[in-house]
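A.B. asks: So that we are looking at the same thing, I have put the structure below in structure tokens.
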Ligand SMILES: Cc1ncc(COP(=O)(O)O)c(C=O)c1O
């Protein structure tokens with residue numbers, strides 16, 4: 003089979019080593035003669051997977067002791083609702099509207115309280131991160147989307163919200179760069195971009211917010227219950243958690259988040275260099291705020307875009323079509339994309355431009 007370079011936005015590329023290890027262990031996990039998918043979530047072998055995954059996540063992200071780590075289901079989309087459902091209780095929350103994902107979070111929050119749009123970049127098609135933010139002094143929390151997967155913009159530094167908890171949807175850039183967890187009240191992320199397969203969502207939540215969470219919720223939507231039961235209230239997505247465990251081991255072997263960040267900076271620079279220097283390709287995000295995970299760009303016409311995507315696919319570069327809501331092209335270059343993949347794409351883009 004010819005080499006494939008996977009630029010899909012999500013579900014997305016996983017490290018080859020992780021897939022190989024999962025393949026090797028598929029029929030015989032840990033020498034027990036059974037698959038990880040076939041054993042009780044309360045067995046000691048699965049317990050080792052969850053506790054190791056959790057402790058590696060804690061150490062990779064330097065998560066302080068006063069935060070809990072939860073593995074939940076329902077995707078990041080369920081967190082759009084669970085956060086206000088647990089915390090808002092009819093109060094006011096500030097949301098920063100940076101794109102399609104922020105908008106979905108806003109829609110859900112409105113069901114549980116008042117939403118103040120503290121800033122928005124909708125005026126320019128979500129091509130930038132707004133910096134003129136009007137915070138509500140007594141807001142219950144401030145919500146941001148650290149990386150907008152569709153329009154390709156990313157917060158480079160995070161707003162200072164003083165003692166109002168900052169909540170971030172990091173679905174498309176978790177583990178891609180160093181961060182200070184104590185600046186946040188909650189960080190959440192669906193696994194299927196930088197962390198594993200679809201099916202599990204990581205929630206890192208400060209314990210005082212768990213304590214403040216609503217009591218009158220159905221168990222599966224309650225942070226309190228999931229935290230009390232260490233994410234094992236019901237059967238968790240065992241296989242997805244197992245892959246996350248392999249991915250965090252892989253990040254550790256590569257040298258941790260700072261080593262990954264350095265590589266991500268190089269990969270993004272390679273792609274943005276060609277966008278900045280070419281007459282054919284044009285980046286769509288404001289250069290100050292462009293994402294190091296999802297590089298969005300256009301060609302000079304839609305016909306050329308269609309041809310570019312077709313020829314790229316034929317040459318092994320998959321997943322370059324922009325999101326259906328915005329069109330154009332998008333190269334998602336998550337942690338697992340090796341630098342050679344980006345170099346090869348840049349070579350392909352250069353050849354494509356030259357032959358026109
Ligand atoms: C930034 C961001 N937030 C939320 C979501 C929704 O995640 P899920 O499909 O896991 O609910 C996505 C999915 O692509 C995303 O990119």
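Numbering (the working numbering), first residue to last: 3 to 358.
Note that beta-carbon positions come from the ideal geometry of N, C-alpha and C, so glycine has one too.
#1: For residue 195 and residue 134, what's the separation of their Cα atoms in angstroms?
#2: Candidates 193, 154, 296 and 143: which alpha carbon is nearest residue 170's?
#3: Could you please give the first and the last residue of the uninterrupted beta strand (DSSP E) stretch that includes residue 192?
#4: Three or more C-beta pairs under 8 Å: does that hold for the segment 183-203 against the segment 10-23?
#5: Take residue 309 and list the residues in its own chain whose beta-carbon comes closer than 6 Å to its own, dropping the five residues that flank it on each side.
#6: Quick one: residues in its chain with C-beta nearer than 7 Å to the C-beta of residue 180, no 5 flanking neighbours on either side, listed in chain order?
#7: I'd like to confirm something about residue 252: is its beta-carbon nearer than 7 Å to some heavy atom of ligand 1, or not?
#8: May I ask whether a heavy atom of ligand 1 can be found less than 7 Å away from the beta carbon of residue 79?
#9: From 111, 79, 71 and 68, pick the residue whose C-alpha is nearest to that of residue 89; which is it?
#10: Which residue or residues does DSSP assign as beta-bridge partners of residue 5?
#11: Which full runs of the beta strand (DSSP E) of 3+ residues lie inside the segment 128-152, going along the chain?
#12: Going by the DSSP bridge assignment, what does residue 334 pair with across the sheet?
#13: Please state whether DSSP places residue 284 in a helix, a strand or coil.
#14: Please list, in chain order, all residues of the same chain as residue 246 whose beta carbon is under 7 Å from its beta carbon, the five residues on each side excluded.
#15: Can you look up residue 10 in the DSSP assignment and give me helix, strand or coil?
#16: Tell me, please, which residues DSSP counts as bridged to residue 171.
#17: By how many angstroms is the C-alpha of residue 168 removed from the C-alpha of residue 117?
#18: Between which two residues does the alpha helix (DSSP H) holding residue 265 run?
#19: Find the nearest neighbour of residue 292 within the set 150, 47 and 106, judged by alpha-carbon distance.
#20: Can you tell me whether residue 316 is buried or exposed? The criterion is at least 16 other CB atoms within 10 Å of its CB, across all chains shown.
#21: What does DSSP give as the partner residue(s) for residue 319 in the beta ladder?
#22: Can you tell me which of the three DSSP states residue 49 falls into?
#23: Under 8 Å, with one C-beta from each stretch per pair, do the segment 204-222 and the segment 293-300 reach the 3-pair mark?
#24: Residue 33: buried (16+ other C-beta within 10 angstroms of its C-beta) or exposed?
#25: Could you tell me whether any non-hydrogen atom of ligand 1 is closer than 7 Å to the CB of residue 157?
#26: Could you tell me whether the Cβ atoms of residue 114 and residue 319 are closer together than 8 Å?
#27: Tell me whether residue 8, by its Cβ, gets closer than 7 Å to a heavy atom of ligand 1.
C.D. replies: This is what the structure gives:
#1: Residue mapping note: residue 195 aligns to position 193 of the chain shown, counting from 1. Residue mapping note: residue 134 aligns to position 132 of the chain shown, counting from 1. Each residue's Cα considered, the two are about 30 Å apart.
#2: Position 168 of the chain shown holds residue 170. Out of 193, 154, 296 and 143, the CA that lies nearest to the CA of residue 170 is found in 143.
#3: Counted from its first residue, the chain shown places residue 192 at position 190. The continuous beta strand (DSSP E) containing residue 192 extends over residues 188-192.
#4: The count of Cβ pairs closer than 8 Å, one atom from the segment 183-203 and one from the segment 10-23, reaches three, so the stretches are in contact.
#5: In the chain shown, residue 309 corresponds to position 307, counting from 1. Closer than 6 Å at the Cβ level, and outside the excluded window around residue 309, lies no residue.
#6: One-based indexing of the chain shown puts residue 180 at position 178. The residues are 259, 260 and 263.
#7: Indexing the chain shown from 1 puts residue 252 at position 250. No, Cβ of residue 252 sits at least 7 Å from all heavy atoms of ligand 1.
#8: For the purposes of this step, residue 79 is taken as residue 77 along the chain shown, with counting starting at 1. Result yes, Cβ under 7 Å from ligand 1.
#9: Walking along the chain shown from the start, residue 89 turns up at place 87. It is 111.
#10: Here residue 5 refers to the residue found at position 3 when the chain shown is read from its first residue. Looking at the DSSP output, residue 5 shares a beta bridge with no other residue.
#11: As far as the segment 128-152 is concerned, its whole beta strand (DSSP E) runs of at least 3 residues are 144-147.
#12: Walking along the chain shown from the start, residue 334 turns up at place 332. DSSP output for residue 334 lists 296 as bridge partner(s).
#13: Here residue 284 refers to the residue found at position 282 when the chain shown is read from its first residue. In the structure shown, residue 284 sits in a strand (DSSP, three-state: E or B).
#14: The residue given as residue 246 occupies position 244 in the chain shown. Cβ within range, chain order: 55, 193, 197, 198 and 202.
#15: Position 8 of the chain shown, counted from the start, is the residue given in the question as residue 10. When DSSP states are grouped into helix, strand and coil, residue 10 belongs to the coil group.
#16: Counting from 1 along the chain shown, the entry for residue 171 is found at position 169. Residue 171 is bridged to 147 and 190.
#17: Working through the chain shown from its first residue, we reach residue 117 at position 115. Working through the chain shown from its first residue, we reach residue 168 at position 166. Going from the Cα of residue 117 to the Cα of residue 168 covers about 15 Å.
#18: In the chain shown, the residue the question calls residue 265 occupies position 263. It spans 258-279 - the alpha helix (DSSP H) in which residue 265 sits, taken as one unbroken run.
#19: Here residue 292 refers to the residue found at position 290 of the chain shown. Selection 150, 47 and 106 evaluated against residue 292 yields 150 as nearest (Cα-Cα).
#20: The residue given as residue 316 occupies position 314 in the chain shown. Around the C-beta of residue 316, fewer than 16 other C-beta atoms lie within 10 Å, and the residue is accordingly described as exposed.
#21: For the purposes of this step, residue 319 is identified with residue 317 of the chain shown, where counting begins at 1. In DSSP, residue 319 forms a bridge with 7.
#22: The sequence position of residue 49 within the chain shown is 47, counting from 1. DSSP places residue 49 in helix when its eight states are reduced to three.
#23: The segment 204-222 makes no contact with the segment 293-300; the number of CB pairs closer than 8 Å stays below 3.
#24: As a first step, residue 33 is located in the chain shown; it is residue number 31 there, counting from the start. Residue 33 is exposed by the Cβ-count criterion.
#25: Taking the chain shown and counting its residues from 1, the one referred to as residue 157 is at position 155. Checking the 7 Å criterion, the Cβ of residue 157 is out of range of every heavy atom belonging to ligand 1.
#26: Working through the chain shown from its first residue, we reach residue 114 at position 112. Working through the chain shown from its first residue, we reach residue 319 at position 317. A distance of 8 Å or more separates the beta carbons of residue 114 and residue 319.
#27: Numbered from 1 along the chain shown, position 6 holds the residue referred to as residue 8. The answer is no for residue 8.
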